[in-house]
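Remarks on the structure that follows.
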Amino acid sequence: MDRGLAWTLFLRLFENSVEVPGPEVDQIAAACKEANIYAIVGVNERRAGTTGTTFNTQLTFGPDGSLLNKHQKVSVTSEHGALSGLICGENANALAMYSVSLDYPVVHVASWPTHFSPGIDMQDCILNSTRGLAYSLKCFVLNSVGVIGDDAIEAYGEDDTIREYLETERQKPLATILGPDGNIIAGPLRAGDGILYADICLSDVVIAKYGIDIAGHYNRPELFAHHFAKYFSSQAKL
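Count the sequence shown with the working numbering and you get residues 1133 to 1370, in order.
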């Protein structure tokens, strides 16, 4: 991509990113309260008062319209149990997964962008990461994937090759819901905007841990603790 175009697009991204708190957050909170639902929403967050600081952020809302969490913390507690979330490649990070497992989530939301890069099969990447995640955490995993809109193709489509790539990617069904065994129980969702539904039984999470419980009886943290001691020792010397 042309460097000038990249700079222009970053400027547009920053200008259209969300501040937390802010009016866009208030609108989502109001919608959650009206629908009486929990929602975990991925956004590009702009730090207020800065001239370029942005983050990939997950916002967790409660059914009363409250903002329960802004992702740096990886889970919150609901009346159904812990709800966790990771962003993009974090879902393939073994230590991030272990950190999440310690909260014993019943539902985990994996937030994904609209596309990766040409030559990378996004569907394979998502399922390869999160089927293992669901199987290891023994929880339900919701793969929430961004949608490529006409405005995105207009903004990024600097030549026919990129436009064709984006048009192809927007047709791929990517959103899925996985069970604690790693199998797909709903989806993939058709291309475009939509909501994927699945009836789940929370006791399936308990039953699944009969075989594997990486936060509890299936784990030996004392075997790995020395690796972290080495890391923190090396950091202290810097």
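Cβ coordinates follow ideal geometry from the N, Cα and C atoms, glycine included.
The structure presented is a predicted model; accordingly, all values stated were derived computationally and were not measured.
The Cβ atoms of T1308 and A1323 do not sit closer than 8 Å to each other.
In the structure shown, A1214 adopts extended strand secondary structure according to DSSP, grouped into three states. Its Cα nearest to that of Q1190, the residue L1199 stands out among F1248, L1199, T1182 and L1269. Inter-segment contact for the segment 1148-1161 and the segment 1296-1303 is absent: fewer than three beta-carbon pairs are separated by less than 8 Å.
Assignment of R1178 by DSSP, reduced to helix, strand and coil, places it in the strand class. N1201 is bridged by DSSP to T1192. The Cβ-Cβ distance between S1276 and W1244 falls below 8 Å.
From the listed residues L1145, N1168 and I1327, the smallest Cα separation to R1179 is found for L1145.
The beta carbon of A1287 sits closer than 8 Å to those of L1141 and R1144, all from its chain and outside the five residues before and after it, given in chain order. By the neighbour-count criterion, in which 16 or more other beta carbons inside 10 Å mark a residue as buried, K1362 falls on the exposed side. Taking 8 Å as the cut-off, the Cβ atoms of V1208 and A1242 do not count as close. The three-state reading of DSSP puts P1153 in coil, since its state is none of H, G, I, E or B.
In the structure shown, L1234 adopts coil according to DSSP, grouped into three states. In this structure, DSSP gives L1321 a state outside helix and strand, which the three-state scheme calls coil. A1226 counts as exposed, since fewer than 16 other C-beta atoms from the protein chains shown sit within 10 angstroms of its C-beta. Put simply, the backbone Cα of L1265 is about 9 Å away from that of C1271. Inside the segment 1272-1323, DSSP marks whole beta strand (DSSP E) runs of 3 or more residues at positions 1272-1277, 1308-1310 and 1316-1318, from first to last along the chain.
S1249 counts as exposed, since fewer than 16 other C-beta atoms from the protein chains shown sit within 10 angstroms of its C-beta.
Residue pairing by DSSP places T1209 opposite A1214 in a beta bridge. In this structure, the beta-carbon distance from I1344 to S1261 does not fall below 8 Å.
Within the model, the alpha-carbon separation for S1335 versus F1356 is close to 30 Å.
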